[in-house]
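Chemist:
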Amino acid sequence: MAAMWYKLQGAYRVFNYEWADPRTQSLPLMTRPFTVLGLVAAYALFADRLGPWIMRDRKPFKLKRTLIVYNALQIVANAYVFYKMVRIVNLYFWLKIADLLDTIFFVLRKKNTHISFLHLYHHSNMVFLGWTAVKFFAGGHGTFLGLFNTFVHACMYTYYLIAAVYPRNIWWKKYVTQLQLVQHTMVGLHLAQLLVHNPCNYPMLVPRVLVPQTIFLVLLFSHFYQRAYGRKAAQDTEAKAS
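Every letter in the sequence shown is one number past the one before it in UniProt numbering, and letter 180, counting from 1, is 180.
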């Protein structure tokens, strides 16, 4: 009997701790299975026995407004979760394709000096990376890249919009490039930690490919920043103004 008890305890430890995802262990209702088991048992007891017994001599509730609110919340909540879980990575990929229009607009506006190696390399590379992420590595550690990148692009396209409406030398233009430098640095560090510690068994191909990529992009953006906003660029701007 004691041996059986020890086996059950061992099986429980394996089930509840070793098989569990360590990232979710501290979340509500995730520590042990008994809370959820109790919740389901109480639900079944109420639905099958206790609830009908309580209501046996009472008039039925109409609950029209309650049901309207409940169903509306269910629709919104489920649609939101579905959209986020199934569509967001793919939407990010399509955003990278849409970014290619930047280059098309430069060509149509004859702004060919804007089409640098950095511009072409970055835009082309992001489409390939977006496709690869959706195809093989959707979700997980790599989503930080998309999270940060969409924030940066929201700021960047805000600048583009303002520049299109008010075509002046906007004073905070250089800070967009600084934000891009911060982005690539943070993404590189975020991925590099997997080379040292990978508790989630995330595919190591991702950091091995993307860490060198982020270093390369930091170098390219740094070169662009120095050329566009460095001391020599400022002197040239002053010379033109005079």
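Positions of the beta carbon are idealized from the N, C-alpha and C atoms, including for glycine.
Out of H197, H123 and F144, state which residue places its alpha-carbon closest to the alpha-carbon of A98.
Modeler: Start at 1 with the first residue of the sequence shown, and residue 98 comes out as number 98. Nearest option by C-alpha distance: H123.
Chemist: As a quick exercise: from T35, R208 and T185, pick the residue whose alpha carbon is nearest that of A195.
Modeler: In the sequence shown, the residue the question calls residue 195 occupies position 195. Here the sequence assigns Leu to residue 195, which means Ala is not the residue at that position. The residue with the shortest Cα to Cα distance from L195 is R208.
Chemist: For K135, name the three-state secondary structure that DSSP assigns.
Modeler: Position 135 of the sequence shown holds residue 135. Three-state DSSP puts K135 in a helix.
Chemist: Jot down the residue ranges of each uninterrupted alpha helix (DSSP H) in the stretch 102–180, minimum 4 residues, whole runs only, in chain order.
Modeler: Within the stretch 102–180, the complete alpha helix (DSSP H) runs of at least 4 residues are 117–136 and 143–165.
Chemist: How about R227: is its C-beta nearer than 7 Å to some C-beta of chain D?
Modeler: Protein chain content of the structure displayed is limited to a single chain, and chain D is not contained in it.
Chemist: With a threshold of 16 other CB atoms inside 10 Å of the CB of M126, please say whether the residue is buried or exposed.
Modeler: Taking the first residue of the sequence shown as 1, we reach residue 126 at position 126. M126 comes out buried.
Chemist: Mind checking which residues open and close the alpha helix (DSSP H) that includes Y12?
Modeler: Sequence index remark: in the sequence shown, residue 12 carries index 12 (1-based). A2 to R13 is the extent of the alpha helix (DSSP H) around Y12.
Chemist: What separation, rounded to the nearest whole angstrom, lies between the Cα atoms of N149 and K84?
Modeler: Residue 149 sits at position 149 when you count from the first residue of the sequence shown. Residue 84 sits at position 84 when you count from the first residue of the sequence shown. If you take the alpha carbons of N149 and K84, they lie about 17 Å apart.
Chemist: Could you give the distance in angstroms between the alpha-carbon of K240 and the alpha-carbon of R231?
Modeler: Residue mapping note: residue 240 aligns to position 240 of the sequence shown, counting from 1. Residue mapping note: residue 231 aligns to position 231 of the sequence shown, counting from 1. Residue placement at K240 cannot be trusted, given a pLDDT of 45 that sits under 50; the coordinates are not used to answer.
Chemist: Does DSSP put K64 in a helix, a strand or coil?
Modeler: As a position in the sequence shown, residue 64 is number 64, starting the count at 1. Residue state, collapsed to three classes: helix.
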